[in-house]
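Peer 1:
Chains as they are written, first to last, in the numbering used here: chain A, 1 to 194; chain B, 195 to 334.
Here it is as C-alpha cells:
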C-alpha cells in the first residue's frame, strides 16, 4: 500500500511539473528558453511513462524528445530568429480552441476502459498469445522486442522506411548537406542550385 | 563555445561512453528495454555532441556525407534483405523462423538481431543527415 501511495505521489508531482512547464512555455517569448524547457518536458513525460511500466516508450521519449529534438530545435533557431514575434490573433482565441479540444479529448476518454483494466479489449485479443507463447516461439525475454521486430515486423519495416523518407525529405527541402565554409570540391556540392 | 576547455574535455570523455551505451542498447534490446530505434538515436546523439563541441567540420571528416547517404539506405536494405532471404528459404516475407530450418526460435532470434541492426543503422544516419541538413545550412 505504501508503495502505491508513493507511486501516486510521484505521478502527481510529475503531472504538476508538466502542467507548470506547459504554462511557462506557452507564455515565453524567448524561443531558445522554450526549446530547452521542451527538453525538460520530454524528460518528465519519460518519467511518467516509466511510472506506467512502459519502459521502451520512455526510453524513446527521453532519447528523441529530450535529446535529438532539442538539438534540431536549436539548429532551426540558428537559421531563423530566437525570439517569437507578436501573435497575429488574440491569445483568447487560442486558449479557447485548446480548452475546447482538451475537454473533447477528456470526454472521449470517458468511454475507454479504466487504466490497467485486465478485461480491456486490447488485453483480450492477441496480447495473451504474445505473453504466453512468445518465449517458446521467439525465445527472447523482452516481449516488446518480439512484438515489434517479429510479430509486427512488417509494421516496423514500414516505420523504418518512414524514417528513411523523412531524411530524404529533409535533405531535399533543406538543400542537401550545404556547408557553411563552402568547400568547392565537396562531392555533394553540385545540384544545390540556390 | 568551441574554445571552452571544460566542454571539450568533458565532451571528449563522454562521447565514447555514449557510443558504447548505444551499442549496448542495440544488442541488449532482446533482453531489456531498448532496440534499434533507441540505439540509433543515442548513437546519433553521441555523434552530434561531438559536432556541437568540436565543430561540424570535425564530424564531417569522421562521418563524411557519402557515408551518411549510403548508411541511410543500407539499414533499410538490411531489413528488407532479411525479409527476402526468409522468402528464398521458403517462408513468407520477414518470416525469420525460416532462417534456421532446424530451430525456428533460433532463426527468429537471428532475424530480430539483424532487422534491429538495420533499424539502428538507418536511424543513426537519418538523425545525422537531418542534423547535417540543419546545421550545415548557412543563414540566408
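Here a beta-carbon is modelled for each residue, glycine too, at the ideal position from N, C-alpha and C.
(1) Apart from the five residues just before and just after residue 281 of chain B, which ones in its own chain have a Cβ nearer than 7 Å to its Cβ?
(2) Buried or exposed for residue 91 of chain A, please, with buried defined as at least 16 other CB atoms from any protein chain shown within 10 angstroms of its CB.
(3) Mind checking if residue 227 of chain B is an interface residue toward chain A, Cβ cutoff 8 Å exclusive?
(4) Run through chain A and tell me which residues come within less than 7 Å of residue 316 of chain B, C-beta to C-beta.
(5) Would the region 127 to 134 of chain A and the region 207 to 227 of chain B be scored as touching if the rule is three or more Cβ pairs under 8 Å?
(6) Taking CB distances under 8 Å as the criterion, tell me whether residue 309 of chain B reaches chain A.
(7) Where do the ends of the alpha helix (DSSP H) carrying residue 259 of chain B lie?
(8) Might you give, ordered along the chain, the residues of its own chain that have their beta carbon closer than 8 Å to the beta carbon of residue 250 of chain B, omitting 5 neighbours on each side?
(9) Around the Cβ of residue 33 of chain A, are there at least 16 other Cβ atoms within 10 angstroms (buried) or fewer (exposed)?
(10) Which residues, in order along the region 233 to 252 of chain B, keep a beta-carbon less than 8 Å from a beta-carbon of chain A?
(11) Return yes when the Cβ of residue 265 of chain B is within less than 8 Å of the Cβ of residue 318 of chain B, no when it is not.
(12) Rounded to whole angstroms, what's the CA-CA distance from residue 64 of chain A to residue 74 of chain A? Just pull it up for me.
(13) Okay, do the region 101 to 116 of chain A and the region 259 to 273 of chain B touch, 3+ Cβ pairs below 8 Å being the bar?
Peer 2: So, to answer that:
(1) Your numbering for residue 281 of chain B matches position 87 in the second chain. Taken in chain order, the residues that qualify are 287.
(2) Walking along the first chain from the start, residue 91 of chain A turns up at place 91. The residue in question, residue 91 of chain A, is exposed, as its Cβ has fewer than 16 Cβ neighbours within 10 Å.
(3) Mapped onto the second chain, residue 227 of chain B falls at position 33. Answer yes: the Cβ-Cβ gap between residue 227 of chain B and chain A drops below 8 Å somewhere.
(4) Numbered from 1 along the second chain, position 122 holds the residue referred to as residue 316 of chain B. Neighbours of residue 316 of chain B in chain A, taken as residues at a C-beta separation under 7 Å, are given in chain order as 160, 163 and 164.
(5) With the cut-off at 8 Å, the region 127 to 134 of chain A and the region 207 to 227 of chain B do not touch.
(6) By one-based count along the second chain, residue 309 of chain B stands at place 115. Contact with chain A is found for residue 309 of chain B, since one of that chain's Cβ atoms lies less than 8 Å from the residue's Cβ.
(7) Within the second chain, numbered from 1, the residue matching residue 259 of chain B stands at position 65. Note, residue 259 of chain B: alpha helix (DSSP H), 259 to 282.
(8) Position 56 of the second chain, counting from 1, holds the residue named residue 250 of chain B. Closer than 8 Å at the Cβ level, and outside the excluded window around residue 250 of chain B, lie 326, 329 and 330.
(9) By one-based count along the first chain, residue 33 of chain A stands at place 33. Residue environment: residue 33 of chain A is assigned as exposed (fewer than 16 neighbouring CB atoms within 10 Å of its CB, all protein chains considered).
(10) Answer set for the region 233 to 252 of chain B: 235, 236, 238, 239, 242, 246, 250 and 251.
(11) Here the question's residue 318 of chain B lines up with position 124 in the second chain. Here the question's residue 265 of chain B lines up with position 71 in the second chain. Taking the C-beta atoms as reference points, residue 265 of chain B is found nearer than 8 Å to residue 318 of chain B.
(12) The residue given as residue 64 of chain A occupies position 64 in the first chain. The residue given as residue 74 of chain A occupies position 74 in the first chain. A straight line joining the alpha-carbon of residue 64 of chain A with that of residue 74 of chain A spans about 14 Å.
(13) With a cut-off of 8 Å, the region 259 to 273 of chain B and the region 101 to 116 of chain A do not count as touching, because too few Cβ pairs lie within range.
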